[in-house]
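To start, the structure itself, in structure tokens.
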Amino acid sequence: MQYKYERVKIQSNAEVANNIYKLVIECNHEAKPGQFYMLRGWDNELLLGRPISVHDVQDGLTSFLYEVRGKGTKILSTLETGYRIEIFGPHGKGFNTNVKGKVAVVTGGIGIAPMYYTIKALKNAQIDLFAGFRDEVYLIDDLKDFISSSYVATNNGRIGHKGFITDIFNPWEYNLVLCCGPEIMMEKIVRMCRDYKTPVYVSMERHMACGIGACLVCTCKTKDGNKRVCKDGPVFSGEDVFLDA
Amino acid sequence: MQYKYERVKIQSNAEVANNIYKLVIECNHEAKPGQFYMLRGWDNELLLGRPISVHDVQDGLTSFLYEVRGKGTKILSTLETGYRIEIFGPHGKGFNTNVKGKVAVVTGGIGIAPMYYTIKALKNAQIDLFAGFRDEVYLIDDLKDFISSSYVATNNGRIGHKGFITDIFNPWEYNLVLCCGPEIMMEKIVRMCRDYKTPVYVSMERHMACGIGACLVCTCKTKDGNKRVCKDGPVFSGEDVFLDA
Amino acid sequence: MLNVSLCGIELKNPVIAASGTFGFGEEYNNVFDVSKLGGIATKGLTLNKREGNDGLRIYEAESGIMNSVGLQNPGIEEFIKTELPKMKKFNTVIFANLGGGTIEEYLSGIEKLNNSDIDMIELNISCPNVKAGGMAFGIKSNIAYDVVSRVKEIAKKPIMVKLSPNAENIVDMSEKCCKAGADAISLVNTFKAMAIDIYKRKPVFNNTFAGLSGPAIKPIALRMVYEVSRAVDIPVVGMGGITTWQDAIEFIMAGAEAVQVGTANFIKPDICLDIIDGIKSFMVSENIKNLSEIKGTIRGV
Amino acid sequence: MLNVSLCGIELKNPVIAASGTFGFGEEYNNVFDVSKLGGIATKGLTLNKREGNDGLRIYEAESGIMNSVGLQNPGIEEFIKTELPKMKKFNTVIFANLGGGTIEEYLSGIEKLNNSDIDMIELNISCPNVKAGGMAFGIKSNIAYDVVSRVKEIAKKPIMVKLSPNAENIVDMSEKCCKAGADAISLVNTFKAMAIDIYKRKPVFNNTFAGLSGPAIKPIALRMVYEVSRAVDIPVVGMGGITTWQDAIEFIMAGAEAVQVGTANFIKPDICLDIIDGIKSFMVSENIKNLSEIKGTIRGV
Ligand SMILES: Cc1cc2nc3c(=O)[nH]c(=O)nc-3n(C[C@H](O)[C@H](O)[C@H](O)COP(=O)(O)OP(=O)(O)OC[C@H]3O[C@@H](n4cnc5c(N)ncnc54)[C@H](O)[C@@H]3O)c2cc1C
Ligand SMILES: Cc1cc2nc3c(=O)[nH]c(=O)nc-3n(C[C@H](O)[C@H](O)[C@H](O)COP(=O)(O)OP(=O)(O)OC[C@H]3O[C@@H](n4cnc5c(N)ncnc54)[C@H](O)[C@@H]3O)c2cc1C
Ligand SMILES: Cc1cc2nc3c(=O)[nH]c(=O)nc-3n(C[C@H](O)[C@H](O)[C@H](O)COP(=O)(O)O)c2cc1C
Ligand SMILES: Cc1cc2nc3c(=O)[nH]c(=O)nc-3n(C[C@H](O)[C@H](O)[C@H](O)COP(=O)(O)O)c2cc1C
Ligand code: FES
Ligand code: FES
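Chains as they are written, first to last, in UniProt numbering: chain F, 1 to 245; chain D, 1 to 245; chain E, 1 to 301; chain R, 1 to 301.
Dropping the structure here:
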């Protein structure tokens, strides 16, 4: 059975930045960078699980970094060590990390969540990180050892460039760009890269139900027609999604 | 405002017998014996509160004794010290405890819950307790100081009389009988008492919604027509309910 | 800023306590000041006193409740004599909810209410818990048309017709009621539903069926309110599962002039106040001066 | 002991995965052995490939979900060529769920399925997410009668007609379908519902409306299954919010020969197995040898 639905124990669940939580669970699947799980920390209060990317896998522990947005992530944020939650996954096709050369990782807000594990897996590449945030900056310090340079932008200029990360991103330098964040930002990056023929992969978000490709609620239009974000993605060629769909 | 809807803190919540829990909350209303609260220990998992009788009131604490039966009481049983629950009450008309002479308190199962506080309030009476249980016997020891004699029956004969409490109850000795338990048992008691013209008061159970007399879902037929258990009761004259309705 | 007007009657805010969940207001006034409400719809009244249904009257479902009260009420005369004077002490609009099994019963009821001190009549053509024929009024548009026309001939109070979601065609139903002269429409009443006790192998309710209400029905109720609001040009009062101020705003944007809150009162007895406060805060933060600015502004496909 | 028979087709148990929630079974077979199911109803098929609806396709409500997939599917031919051979490897009964916008589309679909290896056709006359006329088939009994009669003239597979809860009169609808020759009835499909984004002041769904499913609708679905089971003498397959084995037993006692489980698959992917196990334990503890002993035994007022 490829996907497992399991009850697992919370090892820790702590706020690491304003409204951003890191959840660590006891789970030793071999998830790949860019894959995600459907998480449930409730009985019948909510019906659907919530898709959250793998943030890290280490020593039999899997971690998630999530922003509290609505009811589900709110409930998740209240769960304590020892509590058991249901996880279903790992799902989807992640990032191809078997690449060489100069790689730019471009993120917006919580889009940085899957990139920790991804960057660690990009062992043979030289990585620059471009990370945009609204206000508070997080996770950048933890990534220092794995990257060449990091560029930060905040909307209010609290740290780094004041404005958008797209203002300071330079697509011509890279052999590959990996991108996760708001669609408007990803589309911009894809357009910037096309001008220089730089390949970009983007991680898409859609509301999900089954998480495994059966219900077709998470469709994303691509060059090759409708694709299921949960199964055919969440990582797609940026051009296929934003330019040629 | 006569009824209060409040969030209160749990002081303790422990299993005192198999499947029987005692919940103590911080609350200093002056509830009367036989009154009840609508308790909620959930957000949107369940819609309605659950009616539970006041078990005791002491030193700013109010306690409840409840049996786990379905979803609501199950959730209640998992709540821990410090957690806050919503209480709404106290509701209903309780037992008149300003009585003298020989009083019999007759209970079946968890029907004993409201009787602790009631017996303590019957300061001027001489009380015999007749308590029936399925199997395990609880609370009797705590009541020793307040009563003259106690008679126990268990369905399987584990302790006391094997069979029903109605087998060993003698209605002719008492000036007043207070009764709480399954309807079939209460009806039997009422019929036994009628033969000796002994007045009986019974505490009725009905599924409830508003708890304050507005929605008419908790109706009980009585000699004087439909009565609302939540507001006109839960304590009624046994004859009015079981014989003359 | 919260005030709305319904058939010329001014409500201080758009939140009305729904019929059958709020009695005659007296009990809830022991919990909060019910004069803060836009209005109160009375427990469903019938010409003669009714004892209501036997057996279990309420049962919990997922995010909803099923009820089978069966219109227990003191009868209109007793209402006018005993309950109305107490209600009049509250500073809020009174909707007398009127049910019936026959046209004649409705007409006699109207006559009695005509001379009373109520503000508006909510004509309940949809009670699913009364057997004797009462059901069909709410199901078939042409039967509803007959009742409403006859009622309107004699009514001296504004008539708000309360529709059943079990109607064969809710849009047609509302149009017929409108044509028959209804002054306003309210919807929805409860959905015909059922539960089974699998151990006893029997329906949970003596009447087999019961009415489903609460958050579970909200998405369907909202759709119906939207459809009806677009179909008729008389005011629509929306209800069905409203529990939060966000729900209330959804109904208003769908086209409701005002909303009613029923089942949610059982979740938290003063939830109507939370809803009123929430609407107000939303209006402030979205810079809405009057609810008419957002009423019915949703225009879908 | 769990086996049931439907139009002469033997199901190893009464639990069928509902159309649209289970794809063609392949994905779920990565989670559990789908051959343990009584049957699988395929994603709704149409004559030609469809891309489905734009915009948000799913939205969570209280104890329910609203979906607006819009019958995205590869088309019948592609289904027969690519998906069916894979499905046939599962040891379970295959229900091809067939949707359409016109009678002709249905008929061409039937012709193609006639010669395929599917077991039964579930004729979806009720998809609320397709605009072009498709809706009316499920609403008006006489239109349904036409479709079903025409379909039955040419069909070589048993036809199970899937009803919409939005039908004007569900009992009349089922009787008409029965008269038109339907071999079985399944119900309910999703309820026409709506949600509004109050900040954007727009419907949440591009199509304005979407279909509500899940536990929220169970009490209404159960009522409809009960009413329909009493009205027709062909087998009825019940669904709508079934999440536990207790729910399944309720539907069977209400008169369903078998049940379908849709939305609940999203709660727990192998929930169908829990339901099957639960039914079995119940039968053991209640000393029920065959489900026919409890099927439709509920008789209310
Ligand atoms: C493949 C994938 C990976 C993701 N990884 C992360 C991550 O690592 N960290 C993180 O913080 N967030 C991540 N998200 C977004 C996360 O799923 C949503 O923030 C979350 O579902 C919101 O749930 P809620 O109950 O708090 O919000 P609500 O708005 O109350 O949710 C209501 C419904 O909408 C869905 N929903 C709401 N927003 C989104 C969204 N942006 N994407 C998908 N579904 C949504 C919910 O799942 C739920 O069904 C990811 C999304 C996808 C699709
Ligand atoms: C005035 C009054 C006082 C009570 N005092 C106590 C007490 O002190 N200790 C105690 O253990 N129990 C007491 N009960 C019974 C208690 O209310 C039920 O056991 C409880 O509501 C069951 O809830 P549940 O969710 O666990 O069960 P479920 O069966 O899942 O409940 C489903 C629904 O049925 C209602 N319900 C189920 N059984 C009863 C019942 N017997 N009476 C009323 N409603 C019911 C629930 O409130 C709920 O709405 C009292 C009941 C009443 C009316
Ligand atoms: C216990 C109860 C009793 C009701 N009695 C009546 C009634 O007498 N007359 C009426 O028109 N509606 C009655 N209703 C329906 C409500 O007024 C309302 O239309 C319905 O419950 C939907 O709204 P809600 O989901 O907010 O409860 C009753 C509802 C409940 C729950
Ligand atoms: C995402 C989704 C897609 C659906 N697609 C179809 C479909 O293609 N054809 C169909 O007949 N029913 C479809 N349905 C309806 C279900 O088969 C079922 O009738 C309905 O959801 C009620 O059952 P439930 O509450 O168990 O989900 C769909 C339901 C959902 C939730
Ligand atoms: S969530 Fe079901 S197909 Fe993607
Ligand atoms: S519970 Fe509402 S009247 Fe008693």
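Glycine included, each C-beta is placed from N, C-alpha and C at the ideal position.
Contact between the region 224-241 of chain F and the region 102-119 of chain D is absent: fewer than three C-beta pairs spanning the two stretches fall below 8 angstroms. At the C-beta level, alanine 17/F and glutamate 183/F stay beyond 8 angstroms of one another. Three or more Cβ pairs closer than 8 angstroms define a contact, and the region 20-35 of chain E falls short of that threshold against the region 173-193 of chain D. Contact annotation: in the region 199-210 of chain D, residues whose CB is within less than 9 angstroms of a CB in chain E are Arg206, His207, Met208, Ala209 and Cys210.
Check the Cα spacing between asparagine 13/E and each of Gly25/E, Glu286/E, Ile40/E and Asn287/E: the tightest is with Ile40/E. The C-beta separation of proline 219/R from glycine 241/E comes to about 13 angstroms, leaving the pair out of contact by the 8 angstroms criterion. Against chain F, a Cβ distance below 9 angstroms from serine 35/R picks out nothing, because the smallest value is about 13 angstroms. Taking the Cα of lysine 89/E as reference, the smallest distance to any Cα among Thr102/E, Lys43/E, Phe24/E and Ala61/E is reached at Phe24/E. Excluding its 5 nearest sequence neighbours in each direction, alanine 121/D has C-beta neighbours in its own chain below 7 angstroms: Pro33 and Thr97, listed in chain order.
Taking non-hydrogen atoms of ligand 1 into account, the C-beta of threonine 73/F is found less than 7 angstroms away from one of them.
Contact with chain E is absent for leucine 123/R, since none of that chain's Cβ atoms lies less than 8 angstroms from the residue's Cβ. Within the region 219-261 of chain R, the beta strand (DSSP E) runs of at least 3 residues that lie entirely inside it are, in chain order, 236-238 and 258-261. For asparagine 44/D, the C-beta contacts it makes with chain F under 7 angstroms involve Glu45, in order along the chain. Interface annotation, glutamate 62/E: in contact with chain R, CB-CB separation under 8 angstroms.
A distance below 7 angstroms between beta-carbons, with the five flanking residues on each side excluded, links asparagine 91/R to the following residues of its chain, in chain order: Ser35. Here glycine 138/E is buried. Its C-beta has 16 or more other C-beta atoms within 10 Å.
Taking C-beta separations shorter than 8 angstroms and ignoring five residues to either side along the sequence, the partners of lysine 152/R in its chain run Ile159, Ala180, Gly181 and Ala182, following chain order.
For the UniProt domain "FAD-binding FR-type" (3-97) of chain F, the continuous beta strand (DSSP E) assignments of 3+ residues that do not extend past its boundaries occur at 4-17, 20-26, 36-40, 50-53, 56-58, 61-67 and 84-91, in sequence order.
The C-beta of tyrosine 226/R comes closer than 8 angstroms to at least one C-beta of chain E. When beta bridges are read from the DSSP output, leucine 187/R appears opposite Gly238/R. No Cβ of chain R is located within less than 8 angstroms of the beta carbon of leucine 163/E.
The shortest C-alpha to C-alpha distance from arginine 134/F to any of Phe164/F, Tyr151/F and Ala125/F is the one to Phe164/F. Three or more pairs of CB atoms, one per stretch, sit closer than 8 angstroms, so the region 187-205 of chain R contacts the region 218-235 of chain R. In this structure, methionine 208/D has its CB at a distance of at least 7 angstroms from all heavy atoms of ligand 4. Taking the Cβ of cysteine 7/E as the reference point, every heavy atom of ligand 3 lies at 7 angstroms or farther away.
Per DSSP, the continuous beta strand (DSSP E) segment holding serine 150/D begins and ends at 149-154.
Nearest neighbour of tyrosine 83/F by Cα position, chosen from Asp56/F, Leu47/F and Arg7/F, turns out to be Arg7/F. Straight-line measurement puts the Cα of glutamate 168/E at about 32 angstroms from the Cα of methionine 208/D. For the region 241-255 of chain E, the set of positions with a beta-carbon nearer than 7 angstroms to some beta-carbon of chain R reads Gln246, Ile249, Glu250, Met253 and Ala254 in chain order.
Going by beta carbons, phenylalanine 88/D and valine 106/D fall outside the 8 angstroms limit. No Cβ-Cβ contact shorter than 8 angstroms links cysteine 272/E with valine 284/E. Distances taken from the Cβ of phenylalanine 95/D to the heavy atoms of ligand 2 include none shorter than 7 angstroms.
Shown here for histidine 91/F: same chain residues with a beta carbon closer than 8 angstroms to its own, the five before and five after excluded, namely Tyr3, Gln35, Phe36, Tyr37, Met38, Pro51, Gly211, Ile212, Cys230 and Lys231 in chain order. For cysteine 179/D, no chain E residue has a Cβ inside 8 angstroms of its Cβ, as the nearest lies near 22 angstroms away.
Between lysine 156/E and asparagine 114/E the beta-carbon gap is near 4 angstroms, inside 8 angstroms, which marks them as a contact.
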